[in-house]
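Chains as they are written, first to last, in the numbering used here: chain R, 1 to 273; chain B, 274 to 456. Virtual Cβ for every residue (Gly too), placed ideally from N, Cα, C. One structure is given here, and the rest of the page talks about it.
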Amino acid sequence: MEDIKAYIESGILELYVLGDVTPDERLQVEAMALKHPAIKAELDAIERSMELYAKENEIEPSENLRHRVLGSILTNFGDDNNFPQKAAPRKTNVVTLPPRKESNFYKYAFAACLALLIASGVALMSVYSRLQQSNNQIITLQLQNQHFTNRVNLLDSELSIFRDPSFKLLKLQGTPKNPALAVTVAFSQALKKVLIDMKNVNLPQNDKDHQYQLWALVGGKPVDLGVFDAPADSAQMKEMKSIARADAFAVTLEPKGGSINPTMDQMVVLGKF
Amino acid sequence: MSKKHKISLTEEQLVLSLRNHEKVAIEALYDMYSASLFGVISRIVIDTTIAEDVLQETFVKIWHSFSSYSTEKGRLFTWMINIARNLAIDKIRSKDFKNQNKNQEIENNVTSIDEQNSTVYKPELMGVKDLVQTLKPEQKSIIDLVYFKGYTHVEAADELGIPLGTIKTRLRMGIQQLRKHFN
């Protein structure tokens, strides 16, 4: 106890507070203060007094210095390098906002639209090709229909010839040179019509420089009734030039386009009423 | 010397928040202690601009080396005033500071040398009126030399031409007077 009192009265505590001690003395005073509450209390009393004395002698620094000093410290406030240890987590009133929910609706809607567009395109192409097929079929059917209509009309008209009592059928026989040859001609004096039944033309094939020519003999004179080819390109009744009267019919082989007068030695068939 | 303490905490709160590096801590620290520390710095560094620089350095150092302070070593202010005093003394002993003084006008030198080396009683450094009656001038001059100007008691004895034993006695008696005064 005496030691403590002597230590206090030595004046070392005052020098400690005034900052006038060596580092060794400093450590010694701090150790003593830790060990002895009386010394600690004495030290505290001196410190408080000197603190108040300093306050009595305070000098207010200029107003803008506060801003400067705090600024220089707080500028790097968030810089961890300034801190020897990590700062404790600080409670703040900052509320973390939930991240904005990115809606995928438009993304999916766009993708759906695109898929729909492609599907529509494919469907359209398929429908279009089937439409084309159908159109082709219709055209084919129409052509067939036309064909049959023509045929029916033709047969009708052919039939009407055979039914018409004014028509006379005349079979032209082959000349003695070619007795097997034959051509059938229908003639109506009333209608002034001459037709060759191309189906029953039995003549050798003419070359491309020659054509067969039909003649009517009227009072011994030959009258041109037109040219035709053998074999015929269609099995029809071919209508020739009209004539009112005829005693006989004959066919000669003539140069292409026909002649004005028949070449008699080229007569292939002949028939008389 | 108006007291404009915007933020004030108890010493325990202040130490805790300084340890946690809270922004409010440094603001409170400045508001509570800047004038006291500036009073010390201004008695060592006469030039106000340089004194303000030293005050800034003091707070930066307090902030960054706060982990080396512990309440077992004593009161916070004792620790801080040591930092302020040492930085101020370092400043006037630095080459820059001495060069700067060389460039000063002769007329200014008269007062500045006088101010820097003066140990005479300065009325503007006196506190409230009754403190004058409390503290004898010879006690006050020694306390001020050591506490505010950073002299050792040996240097003070040389400066004042007073024996070392007397210096120590006057220091202790003066502080005893202050304790009585503030209690």
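Neighbour-count burial assignment, A357 of chain B, 16 or more Cβ in a 10 Å radius = If you number the second sequence from 1, residue 357 of chain B lands on position 84. Residue environment analysis places A357 of chain B among the buried positions, since at least 16 neighbouring C-beta atoms fall within 10 angstroms of its C-beta.
Kindly say whether G438 of chain B, judged by its beta-carbon, lies nearer than 7 Å to any beta-carbon of chain R.
-> The sequence position of residue 438 of chain B within the second sequence is 165, counting from 1. No, its Cβ sits nowhere closer than 7 Å to a Cβ of chain R.
Residue-level contact to chain R via CB, W336 of chain B, 7 Å cutoff = In the second sequence, the residue the question calls residue 336 of chain B occupies position 63. It does: the Cβ of W336 of chain B has a partner Cβ on chain R nearer than 7 Å.
Mind checking which residues open and close the beta strand (DSSP E) that includes P255 of chain R?
-> Locating residue 255 of chain R in the first sequence gives position 255, where the first residue counts as 1. P255 of chain R -> beta strand (DSSP E) spans A248 to P255.
Could you say which of B:F350, B:I323 and B:I335 lies nearest to A45 of chain R if we only look at CA atoms?
-> Taking the first sequence and counting its residues from 1, one reaches residue 45 of chain R at position 45. Nearest in C-alpha terms to A45 of chain R, of all of B:F350, B:I323 and B:I335, is B:F350.
Closest Cβ-Cβ distance between A308 of chain B and chain R: below 7 Å?
-> Taking the first residue of the second sequence as position 1, residue 308 of chain B is located at position 35. At least one CB of chain R lies nearer than 7 Å to the CB of A308 of chain B.
Which class does K192 of chain R belong to by DSSP, given the choice of helix, strand or coil?
-> Walking along the first sequence from the start, residue 192 of chain R turns up at place 192. Residue state, collapsed to three classes: coil.
Just how far apart, CA to CA, sit L437 of chain B and E428 of chain B?
-> Residue 437 of chain B sits at position 164 when you count from the first residue of the second sequence. Residue 428 of chain B sits at position 155 when you count from the first residue of the second sequence. If I take the Cα positions, the gap works out to 9 Å.
Run the CB neighbour count on I196 of chain R, radius 10 Å, all protein chains shown included, and call it buried at 16 or more, exposed below.
-> Walking along the first sequence from the start, residue 196 of chain R turns up at place 196. Here I196 of chain R is buried: its Cβ has 16 or more other Cβ atoms, across all protein chains shown, within 10 Å.
Simplified DSSP state of V227 of chain R, which is helix, strand or coil | Within the first sequence, the letter at position 227 stands for residue 227 of chain R. Under the three-state reduction of DSSP output, V227 of chain R falls in the strand class.
Between which two residues does the beta strand (DSSP E) containing A216 of chain R stretch?
-> Position 216 of the first sequence, counting from 1, holds the residue named residue 216 of chain R. H210 to V218 is the span of the beta strand (DSSP E), which, as asked, contains A216 of chain R.
Is the stretch 225 to 242 of chain R touching the stretch 197 to 208 of chain R in the sense that three or more CB pairs, one from each, lie closer than 8 Å?
-> Contact between the stretch 197 to 208 of chain R and the stretch 225 to 242 of chain R is present, with at least three C-beta pairs closer than 8 Å.
Excluding the five sequence neighbours on either side, which residues of its own chain have a C-beta within less than 7 Å of the C-beta of L15 of chain R, listed in chain order?
-> Counting from 1 along the first sequence, the entry for residue 15 of chain R is found at position 15. Correct list, in chain order: V21.
Per-residue DSSP class, three states only, for E60 of chain R | Position 60 of the first sequence holds residue 60 of chain R. When DSSP states are grouped into helix, strand and coil, E60 of chain R belongs to the coil group.
Check the Cβ-Cβ distances between I12 of chain R and every residue of chain B, and say whether any is below 7 Å.
-> Counting from 1 along the first sequence, the entry for residue 12 of chain R is found at position 12. Output row for I12 of chain R: interface = no.
Could you tell me if Y106 of chain R is buried or exposed, where buried requires 16 or more neighbouring beta carbons within 10 angstroms of its beta carbon?
-> Indexing the first sequence from 1 puts residue 106 of chain R at position 106. Classification of Y106 of chain R: exposed, given that the 10 Å Cβ count is below 16.
Which value, in whole angstroms, describes the spacing of the CA atoms of I416 of chain B and N93 of chain R?
-> Translated into positions along the second sequence, residue 416 of chain B becomes position 143. Translated into positions along the first sequence, residue 93 of chain R becomes position 93. Distance from the CA atom of I416 of chain B to the CA atom of N93 of chain R, rounded to whole angstroms, is 48 Å.
The stretch 134 to 145 of chain R in contact with the stretch 167 to 177 of chain R per 3-pair CB rule at 8 Å | With the cut-off at 8 Å, the stretch 134 to 145 of chain R and the stretch 167 to 177 of chain R do not touch.
In the DSSP assignment, find the beta strand (DSSP E) that holds V268 of chain R and state where it starts and stops.
-> Along the first sequence, read from residue 1 onward, the residue named residue 268 of chain R stands at position 268. Annotation: the continuous beta strand (DSSP E) that includes V268 of chain R extends over M267 to K272.
When DSSP labels each residue in this structure, what does Y394 of chain B get in the three-state scheme?
-> Residue numbering aside, residue 394 of chain B sits at position 121 when the second sequence is read from its first letter. Because Y394 of chain B carries a pLDDT of 45, less than 50, the predicted location of this residue cannot be relied on, and no value is offered for it.
Proximity below 7 Å, CB of I317 of chain B to CB of K422 of chain B = Position 44 of the second sequence, counting from 1, holds the residue named residue 317 of chain B. Position 149 of the second sequence, counting from 1, holds the residue named residue 422 of chain B. For I317 of chain B and K422 of chain B, yes; Cβs fall inside 7 Å.
Using three-state DSSP, classify L282 of chain B as helix, strand or coil.
-> Position 9 of the second sequence, counted from the start, is the residue given in the question as residue 282 of chain B. Judged by DSSP in its simplified three-state form, L282 of chain B adopts coil rather than helix or strand.
Of all the CB atoms in chain B, is at least one closer than 7 Å to the CB of N57 of chain R?
-> As a first step, residue 57 of chain R must be located in the first sequence, where it is residue number 57. With respect to chain B, the C-beta atom of N57 of chain R has a partner C-beta closer than 7 Å.
7 Å Cβ cut-off: residues of chain R touching K441 of chain B | The residue you call residue 441 of chain B lines up with position 168 of the second sequence. Using a Cβ-Cβ cut-off of 7 Å, K441 of chain B is close to G11 of chain R, given in chain order.
On a CA-only basis, which of B:G312, B:T322 and B:V333 is nearest K55 of chain R? Give me that one, please.
-> For the purposes of this step, residue 55 of chain R is taken as residue 55 along the first sequence, with counting starting at 1. Among B:G312, B:T322 and B:V333, the Cα nearest to that of K55 of chain R belongs to B:G312.
What is the residue span of the beta strand (DSSP E) that F167 of chain R lies within?
-> One-based indexing of the first sequence puts residue 167 of chain R at position 167. That run of the beta strand (DSSP E) goes F167 to G174.
What residues from chain C crowd round V288 of chain B, counting only those whose CB sits closer than 9 Å?
-> The displayed structure is made up of protein chains R and B, and chain C is not among them.
Uninterrupted alpha helix (DSSP H) stretches inside the stretch 16 to 49 of chain R (no shorter than 4 residues) | DSSP runs (the alpha helix (DSSP H)) wholly in the stretch 16 to 49 of chain R: 23 to 35.
From which residue to which residue does the beta strand (DSSP E) around M237 of chain R run?
-> Position 237 of the first sequence, counted from the first residue, corresponds to residue 237 of chain R. Its beta strand (DSSP E) spans residues M237 to E239.
Just reading off the alpha helix (DSSP H) that R107 of chain R is part of, what are its end residues?
-> By one-based count along the first sequence, residue 107 of chain R stands at place 107. For the sequence presented, residue 107 of chain R should be read as Lys rather than Arg. Where K107 of chain R is concerned, the enclosing alpha helix (DSSP H) starts and stops at F105 to R163.
What residues from chain B crowd round Y53 of chain R, counting only those whose CB sits closer than 7 Å?
-> On the first sequence, position 53 is the one that residue 53 of chain R refers to. Those within 7 Å of Y53 of chain R in chain B are L451.
Bridge partners - F187 of chain R, DSSP secondary structure assignment = Here the question's residue 187 of chain R lines up with position 187 in the first sequence. Under DSSP, F187 of chain R forms a beta bridge with R:K168 and R:V194.
Collapsed DSSP secondary structure at K221 of chain R in the structure displayed = As a working mapping, residue 221 of chain R is identified with position 221 in the first sequence. Residue state for K221 of chain R is assigned as strand, using DSSP reduced to three classes.
With 7 Å set as the bound, which would you pick, yes or no: does the beta-carbon of L27 of chain R sit closer than that to a beta-carbon of chain B?
-> The sequence position of residue 27 of chain R within the first sequence is 27, counting from 1. Not an interface residue.
With 16 other Cβ atoms within 10 Å as the buried cut-off, status of K256 of chain R = As a position in the first sequence, residue 256 of chain R is number 256, starting the count at 1. Exposed: under 16 other Cβ atoms inside 10 Å.
Alpha helix (DSSP H) segment containing R452 of chain B, residue limits = Position 179 of the second sequence holds residue 452 of chain B. That run of the alpha helix (DSSP H) goes L437 to F455.
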